[in-house]
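Trainee: Below is one structure. I have some questions about it.
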Amino acid sequence: MPDLPRDWNQWREQIDLDRYDERWRRMAAAGGNPHGEADLIESYQPASVLDGGCGTGRVGVELARRGIAVLGVDADAAMIAAAQAKAPDLEWVAVDLAELERPERFDVVALAGNVVPYVAAGRRGDAVAACARHLRPGGRLIAGFQLQDGWPTLADYDGWCTAAGLGLEDRFATWDREPYVGGAYAVSVHRL
Ligand SMILES: C[S@@+](CC[C@H](N)C(=O)[O-])C[C@H]1O[C@@H](n2cnc3c(N)ncnc32)[C@H](O)[C@@H]1O
């Protein structure tokens with residue numbers, strides 16, 4: 425996979441939101457499964473999911489369609505507005521994950537699609553800690569992100585999770601549960 429833009433501002437300069445959603449529509453039209461993340465998250469049978477860094481709502485909307493209570497949060501107000509337009513009946517909140525303070529506790533907090541590396545460096549540990557604080561006892565933090573130069577390593581991420589009281593339960597190479605044997609992408613499941 426080619427290197428992705430290093431930081432979120434660079435990413436946003438390169439793409440408009442319609443094109444972002446179009447990529448997934450094309451994948452579905454070509455017979456691919458655009459809902460691998462939702463499939464894996466649903467396999468843990470959560471009643472509630474916090475979709476952290478929800479973007480335009482791609483994962484959260486699908487989980488809600490499957491009957492799961494979803495709250496979507498994202499630091500980018502334009503992404504939240506796009507999600508809101510797509511699914512006005514769901515709750516979408518524009519907030520930095522590192523500063524998240526909600527009364528609810530969730531069975532799963534999901535960080536799909538490179539959210540962890542796109543959180544500003546220096547804020548990632550705080551963001552993971554905030555995600556952990558919003559889990560029910562026994563709840564899971566599920567995050568998938570690419571491993572590339574200059575981005576967090578799995579050791580970095582595991583360190584933030586350990587500091588937040590989470591233990592590694594599973595690690596996959598894909599959202600289809602292929603075993604992780606090293607490689608440029610990992611899906612990590614940590615548990616409170
Ligand atoms: C590549 S997009 C993934 C969006 C969505 N999860 C998906 O899979 O389609 C990464 C998202 O992380 C969000 N993000 C980056 N830093 C964040 C932060 N500190 N707090 C909340 N969201 C953040 C961005 O605004 C962006 O929507």
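Here the working numbering = 1-based position in the sequence shown + 424. Quick reminder that beta carbons are idealized off the backbone N, C-alpha and C, glycines included. Being a predicted model, the structure only gives us computed values, none of them experimental.
1. Taking the C-alpha atoms as reference points, what is the distance between Lys510 and Ser472?
2. From the DSSP secondary-structure annotation, give me the bridge partner or partners of Ser467.
3. Using 7 Å as the cut-off, classify the Cβ of Arg489 as near or not near the heavy atoms of ligand 1, replying yes or no.
4. If we call anything under 8 Å between Cβ atoms a contact, is Gly477 one with Tyr542?
5. Let me check understanding here. Comparing Cα to Cα, which of Gln570, Gly484, Glu523 lies closest to Gln508?
6. Return yes when at least one heavy atom of ligand 1 lies under 7 Å from the C-beta of Gly537, else no.
7. Near Arg490, which residues of its chain fall below 8 Å by C-beta distance, leaving aside the five closest residues on each side in sequence?
8. Which ranges does the beta strand (DSSP E) cover as unbroken runs of at least 3 residues, wholly within the stretch 536-601, from first to last along the chain?
9. Tell me Leu487's beta-bridge partners as DSSP assigns them.
10. Is it the case that the Cβ atoms of Leu521 and Ala501 are separated by a distance below 8 Å?
11. List the residues that DSSP assigns as beta-bridge partners of Ala534.
12. Should Glu525 be labelled buried (16 or more other beta-carbon atoms within 10 Å of its own) or exposed?
13. What are the partner residues of Ala507, as DSSP defines its beta bridges?
14. How about Arg595 and Tyr609: are their beta carbons less than 8 Å apart?
15. So for Asp500, helix, strand or coil by DSSP?
Mentor: The structure says:
1. 20 Å
2. Ser467 is not bridged to any residue.
3. no
4. yes
5. The shortest CA-to-CA distance from Gln508 to any of Gln570, Gly484, Glu523 is the one to Gly484.
6. yes
7. Ala462, Glu466
8. 559-570, 591-596
9. Bridge partners of Leu487: none, in fact.
10. Cβ distance not < 8 Å, so Leu521 and Ala501 don't count as in contact.
11. Partner(s): Asp475, Ile566.
12. exposed
13. DSSP, once it has assigned bridges, lists no residue as partnering Ala507.
14. no
15. Under the three-state reduction of DSSP, Asp500 is assigned to coil, being neither helix nor strand.
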